[in-house]
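No gaps in the numbering here: position 35 of the first sequence is 412 in our numbering, and each next residue is one more. Ideal Cβ placement from N, Cα and C applies to all residues, glycine included. Predicted model, so just to flag it, every value in this text is computed and none were measured. All remarks here apply to the structure that follows.
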Amino acid sequence: MQNLLPKEFYEKHNTLSLAKQLLGCTLVHESPQGRTSGIIVETEAYLHNDPACHAYRKKTTRNAAMFENAGVAYVYLIYGLHHCFNIVSGAKNIGEAILIRALEPIEGIELMQERRNTKNLCNLCNGPAKLVQAMAITPGFNFFPLDSDKFHCINTQSTDFQIVTTTRIGITQGADLPYRFYIEGNKFVSRK
DNA sequence: CTAATGATGAACT
DNA sequence: GTTCATCATTAGG
Numbered sequence: 378m379q380n381l382l383p384k385e386f387y388e389k390h391n392t393l394s395l396a397k398q399l400l401g402c403t404l405v406h407e408s409p410q411g412r413t414s415g416i417i418v419e420t421e422a423y424l425h426n427d428p429a430c431h432a433y434r435k436k437t438t439r440n441a442a443m444f445e446n447a448g449v450a451y452v453y454l455i456y457g458l459h460h461c462f463n464i465v466s467g468a469k470n471i472g473e474a475i476l477i478r479a480l481e482p483i484e485g486i487e488l489m490q491e492r493r494n495t496k497n498l499c500n501l502c503n504g505p506a507k508l509v510q511a512m513a514i515t516p517g518f519n520f521f522p523l524d525s526d527k528f529h530c531i532n533t534q535s536t537d538f539q540i541v542t543t544t545r546i547g548i549t550q551g552a553d554l555p556y557r558f559y560i561e562g563n564k565f566v567s568r569k
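Pasting the structure below:
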């Protein structure tokens with residue numbers, strides 16, 4: 378696959394810069410049921426010195442993936458019933474990651490509609506737990522490298538959009554930090 | 001061992 | 001716009 382983002386891509390940018398670089402890229406999952414993909418339209422950065430970051434305190438069983446080398450997946454359960462998907466960034470043993478909050482569906486839309494049990498395109502991937510369900514990302518993808526054949530990102534090299542920088546959603550600590558980025562005017566972003 | 005909590009979404013009014 | 005379901009993980013005793 379052309380323009381597949383290599384591991385070096387995730388390693389060479391710092392977390393904040395990578396969060397912006399990922400906007401406009403396409404996330405692809407070749408699942409047994411079929412291929413699904415979508416453009417990343419919304420991200421949030423979580424830094425190692427950031428109170429809202431899971432890795433802020435110390436390395437634990439749950440957040441261990443965040444301390445891996447950049448370019449692997451970090452999947453975890455939130456509120457006991459939803460999963461969220463992050464792309465790990467930063468150097469090894471530095472717990473940083475980027476939360477993927479929303480996608481614009483591209484391929485496998487029927488499959489996504491089936492998984493999400495809705496046909497409304499805007500309601501398919503406009504939230505972290507929604508896109509996880511639509512793309513069939515399971516907890517088994519924790520530690521999964523994002524330069525593999527069946528699960529990866531593609532650089533679409535699209536610069537035809539403005540990036541909006543704002544504060545993150547759904548957190549109580551570090552709520553004033555401007556670490557959320559999304560594509561201006563895209564109707565698939567999660568916040569109304 | 002026990003209790004508090006959370007990077008949410010769906011279903012309401 | 002507001003409410004609530006629901007549980008693994010974590011921190012504290």
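Going by beta carbon distance, what residues of the same chain come within less than 7 Å of Ala474, once the five residues before and after it are set aside?
Taking the first sequence and counting its residues from 1, one reaches residue 474 at position 97. For Ala474, where only same-chain residues beyond five positions count, the Cβ hits under 7 Å are Tyr423, Met443, Tyr451, Asn463, Ile464, Val465 and Ser466.
Thinking C-alpha only, which one of Glu484, Asp427, Pro505 and Thr437 is nearest Leu456?
Start at 1 with the first residue of the first sequence, and residue 456 comes out as number 79. Leu is not the amino acid found at residue 456; the sequence shown has Tyr there. Of Glu484, Asp427, Pro505 and Thr437, the smallest CA-CA separation from Tyr456 is found for Pro505.
Since Tyr451 is in the beta strand (DSSP E), which residue starts that stretch and which ends it?
On the first sequence, position 74 is the one that residue 451 refers to. Looking at the DSSP string, the run of the beta strand (DSSP E) that includes Tyr451 is Ala450 to Ile455.
Contact set for Pro519: own chain, Cβ-Cβ below 6 Å, skip 5 residues either direction:
Here residue 519 corresponds to residue number 142 of the first sequence, with the count starting at 1. Residue identity check: residue 519 is Asn in the sequence provided, not Pro. Within the same chain, Asn519 has close Cβ partners Ala442 and Val452.
Boundaries (first-last residue) of the alpha helix (DSSP H) holding Val509:
Counting from 1 along the first sequence, the entry for residue 509 is found at position 132. Start and end: Pro505 to Ala511.
For the alpha helix (DSSP H) containing Glu445, list its first residue and its last residue.
Your numbering for residue 445 matches position 68 in the first sequence. Annotation: Glu445 is outside any alpha helix (DSSP H) and is labelled neither H nor E by DSSP.
Uninterrupted beta strand (DSSP E) stretches inside the region 379–440 (no shorter than 3 residues):
Runs of beta strand (DSSP E) with 3 or more residues, each lying fully within the region 379–440, are found at 403–408 and 411–423, listed in chain order.
In three-state terms, what does DSSP make of Arg493?
For the purposes of this step, residue 493 is identified with residue 116 of the first sequence, where counting begins at 1. In this structure, Arg493 counts as helix in the three-state DSSP scheme.
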